[in-house]
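Below: the structure, in structure tokens.
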Amino acid sequence: MTPELFFGLLPITIVDGISLGLVYAVIALGYTMVYGVLEFINFAHSEIFMVGGVLGVELLIWLQKVTAIKDAGEKVIGYSIHPLGALIIALIFAAAGAGALAVAVERVAYRPLRLRGAPKLVPLISAIGMSLFLIDATRFIESLFGQFNRPFPEFSAQPFFSVPVPFLNVSVPIKDFVVLAVVLLMLGGLIYLINYTRTGRAIRAVAQDQSTSALMGIDVSRIITLVFLIGGALGGVAGVLYALKYGNVNPYIGFIPGLKSFTAAVLGGIGSIPGAMLGGVLLGLIETFAGTYLDPLTGGVIDASYKDIVAFGVLILILIFKPAGLLGKAVSEKV
Amino acid sequence: MKKQFVGLAVLAALAVGADAQNKGTIKIVSQTPLSGGQSKLGTAIKNGVELAVQDFGQLVKSYGFNLVYEPYDDQANKDTGVANANRLINDNDVLAVVGHLNSGVAIPSSEVYAKVNLTMVSPANTNPLVTDRKSTGAVTNRVCGRDDVQGPAGADFVITTLKAKKLYVINDKTAYGEGLAQAFSARAKALGANIVVDTGIEAGERDFNTILNRAAVDKPDVVYYAGIYDQAGPLLKQMRAKGITAPFVSGDGIDSSELQALGGSDNMKNVYFTTTSGPISSLPSAKRFAERYKAKFGMDPEGYSAYGYDAAKVVLTAIAAATKDAKGMKPTRAAVAKAVRNVKFAGITGAVAFNSRGDLPVAKYFIVQAQPEYADNKVFKAVSVAAPTPELK
Amino acid sequence: MSALQDKRSDSSGFVVIYALVSSIVAAIAIGINLGPLRFIPLDGIIPDILKTLIFLAFVSSLLLANSLKTSARAKMIVFLFVLVVAIPVIGVSNTQYLDILVNICIYSALALGLNVVVGFAGLLDLGYAAFFAVGAYLWAIFGSQQANNFTGGGFPLNGNFMFLMIPIAVVVAASFGALLGLPVLKVKGDYLAIITLGLGEVIRVLANNLNRPINITNGSQGVRIAPGSAPLEGFLEWLSGLTGIELFKLELLMYYVVVLLVVGLAVILTTRLDNSKIGRAWVAIREDEIAAQAMGVPLVRTKLIAFATGASFAGAMGVLYAAKFSFVSPESFNFQASISILAMVVLGGLGSIQGVIVGAAIVIILNQMVLTAFSNFLADLRRGGLPLPSQFEPAQYQQLIYGIILIVMMIVRPKGLIPAKRNAAKLENLERGELAQKVGKQ
Chain P
1 MTPELFFGLL PITIVDGISL GLVYAVIALG YTMVYGVLEF INFAHSEIFM VGGVLGVELL
61 IWLQKVTAIK DAGEKVIGYS IHPLGALIIA LIFAAAGAGA LAVAVERVAY RPLRLRGAPK
121 LVPLISAIGM SLFLIDATRF IESLFGQFNR PFPEFSAQPF FSVPVPFLNV SVPIKDFVVL
181 AVVLLMLGGL IYLINYTRTG RAIRAVAQDQ STSALMGIDV SRIITLVFLI GGALGGVAGV
241 LYALKYGNVN PYIGFIPGLK SFTAAVLGGI GSIPGAMLGG VLLGLIETFA GTYLDPLTGG
301 VIDASYKDIV AFGVLILILI FKPAGLLGKA VSEKV
Chain B
1 MKKQFVGLAV LAALAVGADA QNKGTIKIVS QTPLSGGQSK LGTAIKNGVE LAVQDFGQLV
61 KSYGFNLVYE PYDDQANKDT GVANANRLIN DNDVLAVVGH LNSGVAIPSS EVYAKVNLTM
121 VSPANTNPLV TDRKSTGAVT NRVCGRDDVQ GPAGADFVIT TLKAKKLYVI NDKTAYGEGL
181 AQAFSARAKA LGANIVVDTG IEAGERDFNT ILNRAAVDKP DVVYYAGIYD QAGPLLKQMR
241 AKGITAPFVS GDGIDSSELQ ALGGSDNMKN VYFTTTSGPI SSLPSAKRFA ERYKAKFGMD
301 PEGYSAYGYD AAKVVLTAIA AATKDAKGMK PTRAAVAKAV RNVKFAGITG AVAFNSRGDL
361 PVAKYFIVQA QPEYADNKVF KAVSVAAPTP ELK
Chain C
1 MSALQDKRSD SSGFVVIYAL VSSIVAAIAI GINLGPLRFI PLDGIIPDIL KTLIFLAFVS
61 SLLLANSLKT SARAKMIVFL FVLVVAIPVI GVSNTQYLDI LVNICIYSAL ALGLNVVVGF
121 AGLLDLGYAA FFAVGAYLWA IFGSQQANNF TGGGFPLNGN FMFLMIPIAV VVAASFGALL
181 GLPVLKVKGD YLAIITLGLG EVIRVLANNL NRPINITNGS QGVRIAPGSA PLEGFLEWLS
241 GLTGIELFKL ELLMYYVVVL LVVGLAVILT TRLDNSKIGR AWVAIREDEI AAQAMGVPLV
301 RTKLIAFATG ASFAGAMGVL YAAKFSFVSP ESFNFQASIS ILAMVVLGGL GSIQGVIVGA
361 AIVIILNQMV LTAFSNFLAD LRRGGLPLPS QFEPAQYQQL IYGIILIVMM IVRPKGLIPA
421 KRNAAKLENL ERGELAQKVG KQ
């Protein structure tokens, strides 16, 4: 590999890595919220994310249809809504839908188990059952309309979100900045909510000790519902961002990003909100770097499909040296 | 009222089994993934078979049999595929199988079918090994092409027609994609091409930036992708967004209207793929098929639907022929398996016939040029290649 | 004597009669087809779903014998009769059922192995399929010509070497388990889970990619073991000629015998481990690692033994899996595979040996038999006139039903179908406050 190629690819690799990592980060926030309070891996979160993406895209497709401005020949010449405006509506809609779904999932599949004091692994299995159910239910509903893959609609002949903007010598499409803005907004809002509001204090209290919080007058069930609502809403937002970035959704998109984001959450220290953010971006960078450089550096012997091995290898190394993740608090064990 | 109705339905269903009349029941079965990430393709095959049973079921029913079609879900998983296969060989009414989608499932499952001479007509398995095995030689057939024909056909087109020298070859790390990519690369190298990058991308991956960034620097003459449209679409879209305008060439895995939907109609310039199934615009029968399919299932057919349809037609024709030979009695599975090899008709995927090992003897490959609308896809070139018959393994 | 005295709660007679009657009913319903011996009175008359239910009723005689209060002799009679007589006869007659039982045995052994890691020692392992892959690839590579790519040649090995490969795979998988366990012992709980998940994915990706520069695993194409190299081929051919039963049925029967022996061995081994010093050490670190350490339990060694034991079961079954399917490819060992083995363990009851076998049986029976039979039945109903929406093809939504069943089972039996005795005893004591009383008395 020539030095020119090596350094030529560097800036774009960094930008793409961060942009991929931001999507992981939003999904990871959802995992981390639930884990922080309940210490339980919500495996159905990847499907909440998927449903959010599908809801958002369906709404956008509908918006595109109703806002189309047609000329005399029934030809679409424009839309009465700005793509960014449509996106914001879709984000809110997907967040609401996915949040409500997450609350429903908690009611049906987790709460009965929690109330009966089931062992920790049991909700994991009912979460897997929920995943299978949500995938097939979505597939069934879509199939009623003869649909499966749903493309993210472009609102104009010159797709607004793909317009490249020069940045650090590379051209970055607008959508990456949109993703960045949304993610920062989410992160800021979440940090404020957790650290500076009464509700946030209640959430932290429940995370510390459920029974003591209940004694202190906190409605634990309400707080847990709220946590699922927020986690689900974050998943829904992530679903729309994913659709924006990669162009389409179907009932099976949840699994891989879900797995990666969960990894990211652990990498950053599960339960920690800045940790999820850091873990996501780091994982995105590692993957993108491995994918870009492995093949040319080894002369094609080790190709891009090894990038997951590198990602998991780094994860394992980090956890060996920091067993609670990068920003996770070292678990103080009760003796 | 409703309860009564359900009760009646149960009785009727039980009667289907008991309704042996004098001739009995003949079942044909499809085994494809009907759930999971590949369910879209598996369902497309299932629907094709269903339509064929509706169209040609009379061939079998006219002998007085009760014809039943049962779709099975192999979950793209060989455990399930083989378990289903074991179920099928023990049901004496099952005379033929249309399946599978994945070679990894078809190979072990057909070992089971072969034990009782149950014939399998594959609508989708292009892996050479599917028909190249000694143990299953009598029962494995396919109405689609072989990787070792399709790959070289693609390479010939890329090197001689498109005059490409510097190539990117990307596959999806599935049995289909990697097999096709290997066959393509071998021929392309033999023709003197320089394969700069030959890499795999995990199935399900949607982020192709890492490879495309390098392609933007390397500027290959052609990007060859071996895989399915659900990745090809986003790959193409991301590629064009990065300003890489090199021709995008692929195999029959991207022959679907979803390519346009996922890749964007505006990005269809310089997109070609090889397939044995002619585009709808060039075949009137295919067009009719597409319309009827849409009317029945409410969605556009995939490339695989047509193969499923033709495979089922093969099976029904063979059963009818074997029944005729058996003087109207229910034929044996071995007789049906034998009869499959003699089937010959002009299907909607082209001329269907079989050589001694169950492959299309001369595969007519179309180089199709994609258009903004799937229905407008044009034949760019057609080549006829005799199927190779390597030594059985 | 005591069994006779306590007649009311003893079900020996019932269980023996049940096993006998249910196997006869199953034999009649499914039919007997052993070469020249053919007796299929109900061929094509009773619907498939009914056959499936009858078969389930028959197999559950084993469960009844094990869970009802019976004399040891009755238990022995039922087990010997069902496993050695009835199942071979019915299974060879209709290989569908024998195939299911072989799969149940394979996954039971896997579940037993994972149970050692998760159930006994409390170490959540989400990448267990990796060890399964190690065993499977070991036999696939050396039992086919694949090994010639990186050795001097001389492969495939004769099929009988499979029996030798089983202990080799046990050792290799166990060392693999210990090796992978070594760097991650500092990591706890869900962090450990994600590391095992990562290691599992690494093995799968390696299997998918090690076809170059040297072709070891043949990548995504998978490795095929050419037929004719099944173990005991000569003997089975002779037997087939003697009895007139088709060779492939006898091959399947041979696999049934071998996997049954391995599962039997696994059951004995895990039972003894559970009651041994190391078994108590596992429970101790599961319940409280720090306390266990303070009491002198060597953490590293105890955890490594758990990993190695669990992995060794998977290694052994991997070999048999490869031989039975005669084809191995990477996607069989993905994350979903690990998760479904975990589901068997949790569904059956963490730490419960009976439980995880029942869990494995339920997951396999649901996925490979009942849901298929059920969806065919629904399709039949539709042909009979039941108004199902045309978009709803029952075969397409088996996984949806499976998902619902998982949720419902977990809610109804959160501690598993057959909870571990040790857990149950402890919880019961706590509820009754006996523990407190005991402490008070001291």
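These protein sequences, in sequence, are chains P, B and C. 210 is the number that the working numbering gives to position 210 of the first sequence; each next residue is one higher, with no gaps. 52 is the number that the working numbering gives to position 52 of the second sequence; each next residue is one higher, with no gaps. 119 is the number that the working numbering gives to position 119 of the third sequence; each next residue is one higher, with no gaps. Heads up, the beta-carbon is just placed ideally off N, CA and C, and yes, glycines get one too.
Flag serine 229 of chain C as yes if its beta-carbon sits less than 7 Å from any beta-carbon of chain B, otherwise no.
Translated into positions along the third sequence, residue 229 of chain C becomes position 229. With 7 Å as the cut-off, serine 229 of chain C does not count as an interface residue toward chain B.
Mind the definition here: the region 348-365 of chain B touches the region 229-245 of chain B only if three or more C-beta pairs lie below 8 Å; say whether that holds.
no
Nearest-angstrom beta carbon gap, glycine 177 of chain B and alanine 226 of chain B [assumed within contact, 8 Å]:
Translated into positions along the second sequence, residue 226 of chain B becomes position 226. Translated into positions along the second sequence, residue 177 of chain B becomes position 177. Right, the Cβ-Cβ distance comes to about 4 Å (below 8 Å), so this counts as a contact.
Less than 8 Å between the CB atoms is what I'm expecting for lysine 165 of chain B and aspartate 221 of chain B, so what's the real figure, rounded?
Locating residue 165 of chain B in the second sequence gives position 165, counting from the first residue. Locating residue 221 of chain B in the second sequence gives position 221, counting from the first residue. Right, their Cβ atoms sit about 6 Å apart.
Would you check if the distance between the CB atom of isoleucine 418 of chain C and the CB atom of serine 352 of chain C is smaller than 7 Å?
Your numbering for residue 418 of chain C matches position 418 in the third sequence. Your numbering for residue 352 of chain C matches position 352 in the third sequence. Yes. Within cutoff.
In whole angstroms, what separates the C-alpha of phenylalanine 443 of chain C from that of isoleucine 339 of chain C?
The structure shown has nothing for residue 443 of chain C, since chain C only spans 1 to 442.
Counting only beta-carbon separations shorter than 7 Å, does glutamine 221 of chain C have a partner in chain B?
Walking along the third sequence from the start, residue 221 of chain C turns up at place 221. Yes, glutamine 221 of chain C lies at the interface with chain B (some Cβ there is under 7 Å from its Cβ).
Alanine 264 of chain P versus glutamine 146 of chain C - alpha carbon distance:
To locate residue 264 of chain P, count along the first sequence from 1; it is residue 264. To locate residue 146 of chain C, count along the third sequence from 1; it is residue 146. The straight-line gap from Cα to Cα measures roughly 37 Å.
Using beta carbons (cut-off 7 Å, strictly below), is leucine 262 of chain B in contact with chain P?
Residue mapping note: residue 262 of chain B aligns to position 262 of the second sequence, counting from 1. By this cut-off, leucine 262 of chain B is an interface position.
Using a 10 Å radius around the Cβ and a threshold of 16 neighbouring Cβ atoms, would you call leucine 364 of chain C buried or exposed?
For this step, residue 364 of chain C is matched to residue 364 along the third sequence. In the sequence on display, residue 364 of chain C carries isoleucine and not leucine. That one is buried.
Between tyrosine 229 of chain B and isoleucine 254 of chain B, is the Cβ-Cβ spacing less than 7 Å?
By one-based count along the second sequence, residue 229 of chain B stands at place 229. By one-based count along the second sequence, residue 254 of chain B stands at place 254. In this structure, isoleucine 254 of chain B lies closer than 7 Å to tyrosine 229 of chain B by Cβ.
Looking at the structure shown, is lysine 163 of chain B part of a helix, part of a strand, or coil, going by DSSP?
Walking along the second sequence from the start, residue 163 of chain B turns up at place 163. Correct three-state label for lysine 163 of chain B: coil.
Answer with yes or no whether the minimum CB distance from tyrosine 252 of chain P to chain B is below 7 Å.
As a position in the first sequence, residue 252 of chain P is number 252, starting the count at 1. Yes, its Cβ sits closer than 7 Å to a Cβ of chain B.
In the DSSP output, which residue or residues are listed as bridge partners for valine 29 of chain B?
Residue mapping note: residue 29 of chain B aligns to position 29 of the second sequence, counting from 1. Beta-bridge pairing links valine 29 of chain B to B:Glu70 and B:Val97.
Cβ shell of leucine 9 of chain P (< 7 Å), same chain only, five flanking positions each side left out
Here residue 9 of chain P refers to the residue found at position 9 of the first sequence. Same-chain partners within the cutoff: Thr292.
Which residue marks the beginning of the beta strand (DSSP E) containing leucine 34 of chain C, and which one marks its end?
In the third sequence, counting from the first residue as 1, residue 34 of chain C sits at position 34. 32-34 is the span of the beta strand (DSSP E), which, as asked, contains leucine 34 of chain C.
Would you report the Cα separation of alanine 109 of chain C and phenylalanine 161 of chain C, rounded to the nearest angstrom?
For this step, residue 109 of chain C is matched to residue 109 along the third sequence. For this step, residue 161 of chain C is matched to residue 161 along the third sequence. Cα to Cα, alanine 109 of chain C sits roughly 21 Å from phenylalanine 161 of chain C.
In whole angstroms, what separates the C-alpha of isoleucine 106 of chain C from that of asparagine 334 of chain C?
Here residue 106 of chain C refers to the residue found at position 106 of the third sequence. Here residue 334 of chain C refers to the residue found at position 334 of the third sequence. So the alpha carbons of these two residues sit roughly 17 Å apart.
Aspartate 380 of chain C, DSSP secondary structure in three states:
Reading the third sequence from its first residue, position 380 is the one you call residue 380 of chain C. Three-state result, aspartate 380 of chain C: helix.
Pair within 7 Å by beta-carbon distance, glycine 99 of chain P and glycine 188 of chain P
The residue given as residue 99 of chain P occupies position 99 in the first sequence. The residue given as residue 188 of chain P occupies position 188 in the first sequence. No.
Would you give the residue range spanned by the beta strand (DSSP E) that isoleucine 107 of chain B belongs to?
Here the question's residue 107 of chain B lines up with position 107 in the second sequence. Unbroken run through isoleucine 107 of chain B is the alpha helix (DSSP H), 103-115; no beta strand (DSSP E).
Between isoleucine 107 of chain B and chain C, is the shortest Cβ-Cβ distance under 7 Å, so that the two count as touching?
Counted from its first residue, the second sequence places residue 107 of chain B at position 107. Closer than 7 Å to some Cβ of chain C, the Cβ of isoleucine 107 of chain B qualifies, so yes.
Considering only their Cβ atoms, is the gap separating leucine 123 of chain C from isoleucine 125 of chain P smaller than 7 Å?
Within the first sequence, numbered from 1, the residue matching residue 125 of chain P stands at position 125. Within the third sequence, numbered from 1, the residue matching residue 123 of chain C stands at position 123. No. Outside cutoff.
Just tell me which of B:Ala311, B:Ala334 and B:Arg333 has its CA closest to the CA of valine 343 of chain B.
Translated into the one-based positions of the second sequence, residue 343 of chain B becomes position 343. If we check each option's Cα against that of valine 343 of chain B, B:Ala311 comes out closest.
Determine the burial state of proline 3 of chain P: buried for a count of at least 16 other Cβ atoms within 10 Å of its Cβ, exposed for fewer.
By 1-based counting over the first sequence, the position of residue 3 of chain P is 3. Classification for proline 3 of chain P: exposed.
Buried or exposed, going by whether 16 or more other CB atoms sit within 10 Å of the CB of histidine 45 of chain P?
As a first step, residue 45 of chain P must be located in the first sequence, where it is residue number 45. The residue in question, histidine 45 of chain P, is buried, as its Cβ has 16 or more Cβ neighbours within 10 Å.
Suppose contacts are defined by Cβ-Cβ distances below 7 Å. Is proline 119 of chain P in contact with isoleucine 61 of chain P by that definition?
Here residue 119 of chain P is taken as the residue at index 119 of the first sequence, counted from 1. Here residue 61 of chain P is taken as the residue at index 61 of the first sequence, counted from 1. Against a cut-off of 7 Å, the Cβ pair of isoleucine 61 of chain P and proline 119 of chain P comes out as no contact.
Chain P contacts from the region 321-348 of chain C (Cβ-Cβ distance under 8 Å)
Cβ contacts with chain P: Phe335, Ile339, Leu342, Ala343, Val346 and Leu347.
Is asparagine 367 of chain C close to chain P, meaning its C-beta is less than 7 Å from at least one C-beta of that chain?
As a working note, residue 367 of chain C is residue 367 in the third sequence. For asparagine 367 of chain C, the answer is no, since every Cβ of chain P falls outside 7 Å of its Cβ.
Apply the 10 Å Cβ neighbour rule to aspartate 172 of chain B and answer buried if 16 or more other Cβ atoms are within range, or exposed otherwise.
One-based indexing of the second sequence puts residue 172 of chain B at position 172. It counts as buried.
Alpha helix (DSSP H) containing isoleucine 141 of chain C: first to last residue?
By 1-based counting over the third sequence, the position of residue 141 of chain C is 141. 129-142 is the extent of the alpha helix (DSSP H) around isoleucine 141 of chain C.
Are there three or more Cβ pairs, one per stretch, closer than 8 Å when the region 88-97 of chain C is compared with the region 88-95 of chain B?
yes
Contacting positions in the region 21-54 of chain C - beta carbon closer than 8 Å to chain B
Asp43, Gly44, Ile45, Ile46, Pro47 and Asp48
What are the boundary residues of the alpha helix (DSSP H) that includes valine 249 of chain B?
Position 249 of the second sequence holds residue 249 of chain B. Premise fails: valine 249 of chain B lies in the beta strand (DSSP E), 248-250, not in any alpha helix (DSSP H).
Looking at the C-beta of threonine 196 of chain C, does it have a partner C-beta in chain B at a distance below 7 Å?
Along the third sequence, read from residue 1 onward, the residue named residue 196 of chain C stands at position 196. Closer than 7 Å: no.
May I ask you to report which of helix, strand or coil DSSP gives serine 93 of chain C?
Walking along the third sequence from the start, residue 93 of chain C turns up at place 93. Three-state DSSP puts serine 93 of chain C in a helix.
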